[in-house]
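Here's the structure, in structure tokens; my notes come after.
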Amino acid sequence: MEIENTSPKPLPVLDPEEIRVLGALMEKSKTTPEYYPMTLNGLTTACNQKSSRNPVVNYTEETVSLILDRLKRKSMAATVTGGSSRVVKYRHTIALNYQFTPNEIAVLCLLFLRGPLTPGEINSNSSRMYEFDDLVEVQNVLEKLATAETPFVKQLPRQSGQKEARYFHLFGDESLVNSCVVESVETKGAPSQLEERVQKLEQELAELKSKFEDFLKEWNS
14 MEIENTSPKP LPVLDPEEIR VLGALMEKSK TTPEYYPMTL NGLTTACNQK
64 SSRNPVVNYT EETVSLILDR LKRKSMAATV TGGSSRVVKY RHTIALNYQF
114 TPNEIAVLCL LFLRGPLTPG EINSNSSRMY EFDDLVEVQN VLEKLATAET
164 PFVKQLPRQS GQKEARYFHL FGDESLVNSC VVESVETKGA PSQLEERVQK
214 LEQELAELKS KFEDFLKEWN S
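Per our numbering, the sequence shown starts with residue 14, numbered consecutively.
Pasting the structure below:
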């Protein structure tokens, strides 16, 4: 008689490039569902946007294509073809793999795209993906993710001068997690309202350009 294997599914070890592409897919599936699954062009733009990203990167489409191949081999992304569009599109599979709820997806996505965050920072930056009722809900989600049979996040030591401890995801390799534990982060001043508006306009312009280029590709195909 065979005994069913009920051991928890291990987490894939993702490098920073894979985490960025996966996070961008997760984000856009919630914030712009009408353009999801995503084209290679749209996904590249999402990876490279200057707002809501830490660090800011400048990937080419060729680079993103190679990263997608790695994610597909790790069963974290999939190709979507067929339908009315002839352009190949891509989607993430993390929610299916681990049965994450919408609020858990929002938390992990922010940690993928922005790095270590406090519960307060998660609450204030999540509204486009998921509207938390309050800070208690955020903390409950983090606690659930941190105490799962296979933990998905880890609480980092509280930094000097900070009231809240930060959390980081555990989908990266051990060195990436350890670097977040020991790092000394410089305190940055909050961006001015003008800077925030400029970043938002730059992001919207880049997204419009990406969507127009995708439209031209479909029109000419």
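For each residue, glycine too, the CB sits at the ideal point set by N, CA and C.
Separation of residue j from residue i, as counted between CA atoms
i, j, result
"V77", "P170", "33 Å"
"N153", "Q175", "20 Å"
"A108", "R33", "16 Å"
"K157", "V120", "11 Å"
"K85", "T57", "16 Å"
"F113", "C122", "12 Å"
"N136", "F145", "7 Å"
"N116", "N54", "27 Å"
"D147", "E177", "15 Å"
"A161", "Q62", "32 Å"
"D186", "E31", "12 Å"
"V69", "A59", "11 Å"
"P129", "G95", "38 Å"
"A159", "F181", "10 Å"
Per-residue burial, residue i [other beta carbons within 10 Å of its own, 16 or more giving buried]
i, result
"K41", "buried"
"K22", "exposed"
"R179", "buried"
"G133", "exposed"
"L221", "exposed"
"E75", "exposed"
"N65", "For the record, residue 65 in the displayed sequence is Ser; it is not Asn. Buried: at least 16 other Cβ atoms inside 10 Å."
"K201", "The predicted position of K201 is uncertain, since its pLDDT is 43 and thus under 50; no value can be drawn from it."
"T73", "exposed"
"V151", "buried"
Where residue i falls: helix, strand or coil (DSSP)
i, result
"K102", "strand"
"F165", "coil"
"V120", "helix"
"M39", "helix"
"F181", "strand"
"T73", "coil"
"V154", "helix"
"T58", "helix"
"T52", "strand"
"L24", "coil"
"T160", "coil"
"T44", "helix"
Residue from the options with nearest C-alpha to residue i
i, options, result
"R99", "F165, T52, E75, P132", "T52"
"L24", "E177, F165, A37, T106", "F165"
"R83", "Q168, D147, L35", "L35"
"L183", "P50, F125, E47", "F125"
"T106", "L79, Y49, T131", "Y49"
"E168", "N138, E150, T131", "For clarity, residue 168 is Gln in the given sequence; the question names Glu instead. Comparing Cα-Cα distances from Q168 to each of N138, E150, T131, the minimum goes to T131."
Supposed contact pair residue j and residue i - C-beta distance, whole angstroms, cut 8 Å
i, j, result
"R141", "T44", "5 Å"
"N71", "R127", "So it is not a contact: roughly 18 Å between Cβ atoms."
"V93", "K87", "V93 to K87, Cβ: 18 Å. No contact."
"A90", "L27", "Not a contact, Cβ separation roughly 11 Å."
Beta carbon proximity, residue i to chain D, threshold 8 Å
i, result
"K176", "No chain D appears in this structure, which consists of one protein chain only."
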